[in-house]
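Here the structure comes first, spelled out in structure tokens, and everything after it is commentary.
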Amino acid sequence: GQQLNQSPQSMFIQEGEDVSMNCTSSSIFNTWLWYKQEPGEGPVLLIALYKAGELTSNGRLTAQFGITRKDSFLNISASIPSDVGIYFCASPRGGSNYKLTFGKGTLLTVNP
Amino acid sequence: NAGVMQNPRHLVRRRGQEARLRCSPMKGHSHVYWYRQLPEEGLKFMVYLQKENIIDESGMPKERFSAEFPKEGPSILRIQQVVRGDSAAYFCASSPRGVGGKNIQYFGAGTRLSVL
């Protein structure tokens, strides 16, 4: 169906390392969104992707919309302790542009 | 520059009581969405509202749950006769645009509901 599968489920890395996580689906999507959620807070939008093949950066974050339109990845370069949180991919589903489906998230822990 | 405001941040209810969750969208936003997040899960869409209208409630449980967004005041998500399975974080989001075009949703900090 229109589920989003995120991997890995969790990552433990050292400060300064680069991180890569991805999101896949068996369905085609027209939009990919990456959110970060910190403990006790709501999701914050990091990057929005609207075209197949699109590569977009936001500071140390880079995300790409896969050319098959069934996947996306998020990279974080030179991680720092405040990168800790849960990273979610999300996309509108069901023919709408507002009914967001979220993956289960990747929990990132950064050791100083 | 206030974002999406939700209150209360934490709500404890006993089984059978009612829970009322409030959401004030960002200034200038007239589209409101409610999502529910169970532990270790992603957010699940519940309902989309504009002022005085429910646009899409396809994610709302058929019973005990209702939502409104009156002409004046915040959007309210109401859960009647709560059960333990209702324990979750409930997030509200708002957007300046709705159906059609790019729909960027900004989320509040959520209300964590605990049912004893």
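Those protein sequence lines, which keep their order, are chains A and B.
One gets this note's numbering by counting positions in the first sequence from 1 and adding 655 to each.
One gets this note's numbering by counting positions in the second sequence from 1 and adding 9 to each.
We put the CB at the ideal spot given by N, CA and C, even for glycine.
Chain B within 9 angstroms of residue i, Cβ atoms only
| i | result |
| --- | --- |
| A:Thr-756 | yes |
| A:Thr-686 | yes |
| A:Ala-718 | no |
| A:Gly-697 | yes |
| A:Gly-708 | no |
| A:Asp-759 | Checking the sequence, you will find Lys at residue 759 of chain A rather than Asp. Chain B, which has a Cβ nearer than 9 angstroms to the Cβ of A:Lys-759, makes this yes. |
| A:Leu-701 | no |
| A:Ser-728 | Residue identity check: residue 728 of chain A is Phe in the sequence provided, not Ser. For A:Phe-728, the answer is no, since every Cβ of chain B falls outside 9 angstroms of its Cβ. |
Three-state secondary structure assigned by DSSP to residue i
| i | result |
| --- | --- |
| B:Gly-94 | helix |
| A:Asp-738 | helix |
| A:Asn-766 | strand |
| B:Met-69 | coil |
| A:Thr-723 | coil |
| A:Glu-693 | coil |
| A:Tyr-753 | coil |
| B:Arg-106 | coil |
| B:Gln-59 | strand |
| B:Ala-118 | coil |
| A:Ser-732 | coil |
| B:Pro-83 | coil |
| B:Ile-64 | strand |
Cβ-based neighbour list, residue i, same chain, cut-off 8 angstroms, excluding 5 preceding and 5 following
| i | result |
| --- | --- |
| A:Thr-764 | Ser-665, Met-666, Phe-667, Ile-668 and Val-739 |
| A:Leu-700 | Leu-688, Trp-689 and Tyr-690 |
Neighbourhood of residue i by C-beta distance below 7 angstroms, restricted to the same chain and skipping five residues each side
| i | result |
| --- | --- |
| A:Phe-720 | Trp-687, Leu-704, Lys-706, Ala-707, Gly-708, Glu-709 and Ser-727 |
| B:Arg-73 | Ile-88, Gln-89 and Gln-90 |
| A:Glu-672 | Ser-734 |
| A:Pro-747 | Thr-686, Tyr-753, Lys-754 and Leu-755 |
| B:Gly-82 | none |
| A:Ser-675 | Phe-728 and Asn-730 |
Whole-number beta carbon distance between residue j and residue i, since they are thought to touch under 8 angstroms
| i | j | result |
| --- | --- | --- |
| B:His-38 | B:Ser-103 | 4 angstroms |
| B:Thr-120 | B:Leu-30 | 5 angstroms |
| B:Phe-100 | B:Tyr-44 | 5 angstroms |
| B:Ala-118 | B:Gln-26 | Their Cβ separation, rounded to whole angstroms, is 23 angstroms, which puts B:Ala-118 and B:Gln-26 out of contact at 8 angstroms. |
Interface flag, residue i vs chain A, CB-CB below 9 angstroms
| i | result |
| --- | --- |
| B:Glu-50 | yes |
| B:Val-13 | yes |
| B:Ser-75 | no |
| B:Ile-113 | yes |
| B:Asp-65 | yes |
| B:Ser-104 | yes |
Close-in-space but distant-in-sequence residues of the same chain around residue i (CB under 6 angstroms, 5 per side omitted)
| i | result |
| --- | --- |
| A:Phe-757 | Phe-743 and Ala-745 |
| B:Ala-126 | Only positions 10 to 125 of chain B appear in the structure, and residue 126 of chain B is not among them; the question remains open. |
| B:Asp-65 | Tyr-57 |
Beta strand (DSSP E) runs wholly inside the stretch 10-53 of chain B, at least 3 long, in chain order: Annotation note: the stretch 10-53 of chain B contains the following uninterrupted beta strand (DSSP E) runs of length 3 or greater, listed N- to C-terminal: 14-16, 19-22, 28-33 and 40-46.
Counting only runs that start and end within the stretch 666-714 of chain A, where is the beta strand (DSSP E) found for 3 or more residues in a row? With a minimum length of 3 residues, the continuous beta strand (DSSP E) runs that stay inside the stretch 666-714 of chain A are 674-679, 687-692, 699-704 and 710-713.
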